[in-house]
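Each protein sequence line maps, in turn, to chains A and B. If you're matching positions, the first sequence starts at 1 in our numbering and goes up one per residue. If you're matching positions, the second sequence starts at 1 in our numbering and goes up one per residue.
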Amino acid sequence: MKASAGSLESSDCLITITKSNKLEIVIESVVLKQFGDQIKEVILNTLKDNNIAKMHVVCLDKGALDYTIKSRLETAIKRMGESHE
Amino acid sequence: MSRSYLFIPGNTPSMIQNLDVFDSDVIIIDFEDSVTSYDKDSARTLIKNFLSKYSYDEVEIFVRINSYDSRYFHDDINALANLDISGYVLPKASVKGIRMLNKLSNKPIIPIVESPMALLLVEDIAKEKNVVALIFGAEDYTKELGIKRTLEATEILYARSIIAITANAYNIDAIDTPYTNKDDDKGLLLDATNALNLGFTSKASIHPNQIDIINQVFAPSLEEITEAKRIVKKSEETNKGAFSLDGKMIDLPIIEKAKKVLEKAKKYNL
Chain A
1 MKASAGSLES SDCLITITKS NKLEIVIESV VLKQFGDQIK EVILNTLKDN NIAKMHVVCL
61 DKGALDYTIK SRLETAIKRM GESHE
Chain B
1 MSRSYLFIPG NTPSMIQNLD VFDSDVIIID FEDSVTSYDK DSARTLIKNF LSKYSYDEVE
61 IFVRINSYDS RYFHDDINAL ANLDISGYVL PKASVKGIRM LNKLSNKPII PIVESPMALL
121 LVEDIAKEKN VVALIFGAED YTKELGIKRT LEATEILYAR SIIAITANAY NIDAIDTPYT
181 NKDDDKGLLL DATNALNLGF TSKASIHPNQ IDIINQVFAP SLEEITEAKR IVKKSEETNK
241 GAFSLDGKMI DLPIIEKAKK VLEKAKKYNL
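Here's what the structure looks like:
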């Protein structure tokens, strides 16, 4: 089961989540060196806020700020829930 | 009393996070036409998180929600509840839509008059609770009439006039329709000046490059400010309801108009 949200436009990110039996986070970013840890932290916190411990998350980042990463992941999570219902 | 209203797409972070650099007096974050059906949820979440994190003193933020008869209306309102926005822009203006919105929120409402029926009922729309301005939406209006828009804009003259007169009669802002040719500065200047001369107080825009011209047109000129200062000063000195200035009779409506000019000038640091 898969869901995604966002885009590959500047200042945005495309997040795709897939059901998994473990937590995996893949980040591709033009600013990975500088902000990779911060992006990962936003993803981990958002998953935690949504009580998700296991998920495969791919974030293709185009310079998104924290609020955008959080929003795209929240939308993907919601979409996955809706497709499951 | 704002000069410019800029629409920005509600699902585009690069525009949203720069909303205070466009110099528009009001930003209208759009949930309607610029957001696809697939991404309505995405836009709501984005704006909710954005406005929960950032706040702006220098610019007013309205949100154009989807129309009351769409399946997105309630979700839009719910997503915006408790956020620091100035109000809602309501497409497809109707009394029913405004009343429905008023049941869910007590915030200011700016309806978009964009159909022949809305034009016929524009006075009823202007009178509704929480309505603080009217926007003319010429694209949809001419589409419904099945007519083409022209540079001369004679086909929308009647609609513009009625909307401007109604808004002024009810002491609310009259916001003109966007000028859609974003690369034609001369055309924009002429179009905005025509709107000003019909009684519009401001103009909507869909491109940030248009804001400077719109702000110039809808701000009082230095000449108008100087004249207004003289009128108000003499009115205070003479303490009379009517007096003569440079051979012209000045009475209460002119004094009130001069005070409005000075209010605007003060607001925009002119």
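Heads up, the beta-carbon is just placed ideally off N, CA and C, and yes, glycines get one too.
Since residue i contacts residue j with CB under 8 Å, what's their CB separation in whole angstroms?
| i | j | result |
| --- | --- | --- |
| Asn171 (chain B) | Lys129 (chain B) | With 8 Å as the limit, Asn171 (chain B) and Lys129 (chain B) do not qualify as a contact, their Cβ atoms being about 14 Å apart. |
| Asp61 (chain A) | Ile25 (chain A) | Not really, about 12 Å apart at Cβ, beyond 8 Å. |
| Val131 (chain B) | Ile98 (chain B) | 6 Å |
| Met100 (chain B) | Tyr68 (chain B) | 5 Å |
| Ser71 (chain A) | Thr45 (chain B) | 5 Å |
| Tyr318 (chain B) | Lys40 (chain B) | Chain B is shown from 1 up to 270; residue 318 (chain B) falls before or after that span and cannot be answered. |
Identify whether residue i lies in helix, strand or coil by the three-state DSSP scheme.
| i | result |
| --- | --- |
| Tyr158 (chain B) | helix |
| Asp30 (chain B) | strand |
| Gly6 (chain A) | strand |
| Val21 (chain B) | helix |
| Ala87 (chain A) | Because chain A spans 1 through 85 in this model, residue 87 (chain A) falls outside it and cannot be assessed. |
| Leu44 (chain A) | helix |
| His84 (chain A) | Any reading at His84 (chain A) must be qualified, since the residue scores a pLDDT of 48, below 50, and its modelled position is unreliable; the value itself is stated next. His84 (chain A): helix per DSSP, three-state reduction. |
| Leu46 (chain B) | helix |
| Ser11 (chain A) | coil |
| Leu32 (chain A) | helix |
| Ile147 (chain B) | coil |
| Ala138 (chain B) | helix |
| Glu74 (chain A) | helix |
| Ile52 (chain A) | coil |
| Ser14 (chain B) | helix |
| Ser37 (chain B) | helix |
| Val57 (chain A) | strand |
Residues from the segment 8 to 42 of chain A in contact with chain B, defined by Cβ distance under 7 Å: Of all residues in the segment 8 to 42 of chain A, Glu9, Ser10, Ser11, Asp12 have a Cβ within less than 7 Å of some Cβ in chain B.
Sequence ranges, beta strand (DSSP E) only - wholly within the segment 161 to 235 of chain B, length at least 3: Complete beta strand (DSSP E) runs here, min 3: 173 to 176, 202 to 205.
Continuous alpha helix (DSSP H) assignments of at least 4 residues falling wholly in the segment 48 to 130 of chain B: Counting only runs of 4 or more, we get 73 to 80, 95 to 104, 116 to 120, 122 to 127.
Inter-stretch contact (C-beta, 8 Å, three-pair minimum) for the segment 3 to 18 of chain A and the segment 75 to 83 of chain A: Counting Cβ pairs under 8 Å, three or more are found: they touch.
At least 3 beta-carbon pairs within less than 8 Å: the segment 39 to 55 of chain A vs the segment 33 to 51 of chain B: Judged by Cβ distances under 8 Å, the segment 39 to 55 of chain A makes no contact with the segment 33 to 51 of chain B, as fewer than three pairs qualify.
Short-range partners of chain A found in the segment 44 to 68 of chain B, where Cβ spacing is below 7 Å: When CB distances to chain A are screened at a threshold of 7 Å, the residues of the segment 44 to 68 of chain B falling below it are Thr45, Leu46, Asn49, Phe50, Lys53, in chain order.
Unbroken stretches of the alpha helix (DSSP H), 4 residues or longer, contained in the segment 235 to 269 of chain B: Within the segment 235 to 269 of chain B, the complete alpha helix (DSSP H) runs of at least 4 residues are 252 to 267.
Contact list for the segment 12 to 36 of chain B against chain A, Cβ threshold 8 Å: Residues of the segment 12 to 36 of chain B with a C-beta atom less than 8 Å from some C-beta of chain A are Thr12, Pro13, Ser14, Gln17, listed in chain order.
Residues of the segment 167 to 195 of chain B with Cβ closer than 9 Å to any Cβ of chain A, in chain order: Identification of residues in the segment 167 to 195 of chain B having a C-beta nearer than 9 Å to some C-beta of chain A yields an empty set.
Cβ pair count under 8 Å reaching 3, the segment 25 to 38 of chain B against the segment 62 to 78 of chain B: In short, these stretches touch, since the Cβ pair count reaches three.
Validate contact between the segment 214 to 224 of chain B and the segment 235 to 253 of chain B using beta carbons, cut 8 Å, 3 pairs: By the Cβ rule, the segment 214 to 224 of chain B does not count as touching the segment 235 to 253 of chain B, because fewer than three pairs are nearer than 8 Å.
Selection of the segment 56 to 67 of chain A by Cβ proximity to chain B, strictly under 7 Å: From the segment 56 to 67 of chain A, only Ala64, Leu65, Tyr67 have a Cβ closer than 7 Å to chain B.
Positions along the segment 84 to 97 of chain B whose CB lies within less than 7 Å of some CB in chain A: Residues of the segment 84 to 97 of chain B with a C-beta less than 7 Å from any C-beta of chain A: none at all.
Residues of the segment 232 to 249 of chain B with Cβ closer than 9 Å to any Cβ of chain A, in chain order: Answer in chain order: no residues at all.
contact_flag[the segment 200 to 212 of chain B, the segment 224 to 238 of chain B] where n(CB pairs < 8 Å) is 3 or more: No: fewer than three Cβ pairs fall under 8 Å.
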